[in-house]
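**Student:** Pasting a structure here, questions to come.
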């Protein structure tokens with residue numbers, strides 16, 4: 006079966022999208038229900054969940070899609086580094102880190118004539 | 010970002026919060042309202058911006074508007090949707106699209122497994138948790154893990170449900186609204202909008218981490234991610250998560266044991 010813009014497209018999305026995604030959510034509930042809140046196992050699950058999200062984040066930074074794919078890597082890494090510096094100097098306030106990183110990126114892209 | 014109620018929660022505490030934690034008594038309706046208002050926050054706005062980007066991507070890929078809205082509600086996780094649209098564009102058969110999407114969604118399992126012990130009580134029925142789990146994707150997870158600490162335990166599930174449902178419905182409405190007006194942004198603006206999502210995840214996970222293992226796992230995952238993407242392109246997220254997470258857990262545990270000996 007292949008996707009079509011017609012009504013069968015919804016069935017394709019329901020199987021390859023909804024089912025493919027929600028089975029993991031349901032398994033997460035089943036596992037989470039058995040975890041004790043102060044257990045070492047939960048500590049490991051937290052570490053795995055955080056490392057997974059971190060890997061998604063670093064892929065977005067290093068291998069972006071869309072317009073940013075055409076930008077040089079050093080501009081993106083500089084934006085993250087300057088943003089991280091501002092975040093720690095600014096007593097770990099998310100808005101300070103995010104604002105500085107985006108401003109650095111915009112300035113860098115403008116500088117290279119993006 | 011969140012209002013602080015009562016004494017601050019010390020860092021590194023194992024989540025052993027008492028049922029009565031000195032938070033002011035409020036009604037269920039109050040916490041549902043607070044959950045809904047989560048939309049009007051920095052992460053809420055960043056999420057809406059990300060979904061306008063998705064509407065543009067879906068439109069350019071030839072997905073009808075109704076199906077783009079349907080995907081938003083029924084899948085919700087943005088990376089899974091981007092991969093599904095990518096598979097559709099490349100003409101992939103159902104089984105290939107299913108495998109690509111399901112690989113990207115495995116990460117939801119440990120995320121939800123870590124959230125459930127924070128939001129359930131002894132009386133919470135499993136069906137309620139199964140329903141609410143659909144509303145969790147990265148942004149809702151980060152917001153829930155961060156904000157639920159200020160919510161009394163009996164109201165946490167309602168708070169997370171209200172937060173997740175408001176975010177999902179708002180993004181569905183936004184995709185429908187933005188879709189017809191997909192005009193191309195200048196590259197600089199589009200690039201900065203795209204960059205908001207990763208930078209937001211980094212800053213908010215770090216600032217809301219209550220266990221020391223979280224920043225350790227964040228740094229390790231960040232460094233492993235791109236190398237895993239080059240070495241094992243189809244399983245990189247899985248490898249970085251399990252490998253990097255286990256390494257972070259071992260490092261933090263060894264660190265804790267040394268402190269225990271020194272004390």
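Protein chains in written order, with our numbering: chain A, 6 to 119; chain B, 10 to 272.
Glycine is no exception: its CB is placed at the ideal position from the N, C-alpha and C atoms.
Assuming contact is defined by CB atoms lying nearer than 9 Å, are residue 246 of chain B and residue 234 of chain B in contact in what I supplied?
**Tutor:** For the purposes of this step, residue 246 of chain B is identified with residue 237 of the second chain, where counting begins at 1. For the purposes of this step, residue 234 of chain B is identified with residue 225 of the second chain, where counting begins at 1. In this structure, residue 234 of chain B lies closer than 9 Å to residue 246 of chain B by Cβ.
**Student:** Taking C-alpha atoms, which residue in A:45, A:77, A:102 lies nearest to residue 85 of chain A?
**Tutor:** Residue numbering aside, residue 85 of chain A sits at position 80 when the first chain is read from its first letter. The shortest C-alpha separation from residue 85 of chain A is found at A:102.
**Student:** Look at the alpha carbon of residue 232 of chain B and the alpha carbon of residue 60 of chain A, and state the distance between them as a whole number of angstroms.
**Tutor:** Numbered from 1 along the second chain, position 223 holds the residue referred to as residue 232 of chain B. Numbered from 1 along the first chain, position 55 holds the residue referred to as residue 60 of chain A. Distance between the alpha carbons of residue 232 of chain B and residue 60 of chain A: 8 Å.
**Student:** Identify each residue in the region 77-100 of chain B for which the Cβ-Cβ distance to at least one residue of chain A is less than 8 Å, and report them in chain order.
**Tutor:** Residues 79, 80, 83, 84, 85, 86, 88, 89, 90, 91, 93, 96, 97, 100.
**Student:** With DSSP as the reference, label residue 190 of chain B as helix, strand or coil.
**Tutor:** Position 181 of the second chain, counted from the start, is the residue given in the question as residue 190 of chain B. In the structure shown, residue 190 of chain B sits in a helix (DSSP, three-state: H, G or I).
**Student:** So, helix, strand or coil for residue 76 of chain A, using DSSP?
**Tutor:** Taking the first residue of the first chain as position 1, residue 76 of chain A is located at position 71. Note: residue 76 of chain A maps to coil in three-state DSSP.
**Student:** Excluding the five sequence neighbours on either side, which residues of its own chain have a C-beta within less than 6 Å of the C-beta of residue 110 of chain A, listed in chain order?
**Tutor:** Here residue 110 of chain A is taken as the residue at index 105 of the first chain, counted from 1. 84.
**Student:** Residues in its own chain within less than 8 Å of residue 36 of chain A by CB, not counting five upstream and five downstream?
**Tutor:** Residue 36 of chain A sits at position 31 when you count from the first residue of the first chain. For residue 36 of chain A, where only same-chain residues beyond five positions count, the Cβ hits under 8 Å are 50.
**Student:** So, are the CB atoms of residue 27 of chain A and residue 164 of chain B less than 9 Å apart?
**Tutor:** Position 22 of the first chain, counting from 1, holds the residue named residue 27 of chain A. Position 155 of the second chain, counting from 1, holds the residue named residue 164 of chain B. Cβ distance not < 9 Å, so residue 27 of chain A and residue 164 of chain B don't count as in contact.
**Student:** Answer with buried or exposed for residue 28 of chain B, where buried requires no fewer than 16 other C-beta atoms within 10 angstroms of its C-beta.
**Tutor:** Translated into positions along the second chain, residue 28 of chain B becomes position 19. For residue 28 of chain B, the pLDDT reaches just 48, beneath the cut-off of 50, and the residue's location in the model is therefore unreliable, although a value from the coordinates is still provided. Result: exposed.
**Student:** Does the separation of the CB atoms of residue 77 of chain B and residue 188 of chain B fall below 9 Å?
**Tutor:** Against the second chain, residue 77 of chain B aligns to sequence position 68. Against the second chain, residue 188 of chain B aligns to sequence position 179. Closer than 9 Å, so yes.
**Student:** Cβ of residue 254 of chain B less than 9 Å from any chain A Cβ?
**Tutor:** Position 245 of the second chain, counting from 1, holds the residue named residue 254 of chain B. With 9 Å as the cut-off, residue 254 of chain B counts as an interface residue toward chain A.
**Student:** Where does the unbroken alpha helix (DSSP H) through residue 29 of chain A begin, and where does it stop?
**Tutor:** Along the first chain, read from residue 1 onward, the residue named residue 29 of chain A stands at position 24. From DSSP, the alpha helix (DSSP H) with residue 29 of chain A extends over 25-39.
**Student:** For residue 89 of chain A, would you say it is in contact with chain B, using Cβ-to-Cβ distances shorter than 9 Å as the test?
**Tutor:** Mapped onto the first chain, residue 89 of chain A falls at position 84. With 9 Å as the cut-off, residue 89 of chain A counts as an interface residue toward chain B.
**Student:** Can a CB atom of chain B be found closer than 9 Å to the CB of residue 83 of chain A?
**Tutor:** Residue numbering aside, residue 83 of chain A sits at position 78 when the first chain is read from its first letter. Answer no: the Cβ-Cβ gap between residue 83 of chain A and chain B never drops below 9 Å.
**Student:** Say yes only if the C-beta of residue 249 of chain B is nearer than 8 Å to one or more non-hydrogen atoms of the ligand PLP, and no if none qualify.
**Tutor:** Among the components modelled here there is no ligand, and therefore nothing to report on the ligand PLP.
**Student:** Between the alpha carbons of residue 81 of chain B and residue 270 of chain B, how many angstroms are there, rounded?
**Tutor:** One-based indexing of the second chain puts residue 81 of chain B at position 72. One-based indexing of the second chain puts residue 270 of chain B at position 261. Near 51 Å, if we compare the C-alpha coordinates of residue 270 of chain B and residue 81 of chain B.
**Student:** Answer yes or no: does any C-beta atom of chain A fall closer than 9 Å to that of residue 194 of chain B?
**Tutor:** One-based indexing of the second chain puts residue 194 of chain B at position 185. Yes, contact with chain A.
**Student:** Distance cutoff 9 Å, beta carbons only. Does residue 120 of chain B sit that close to anything in chain A?
**Tutor:** Numbered from its first residue, the second chain carries residue 120 of chain B at position 111. Chain A contact via Cβ: present.
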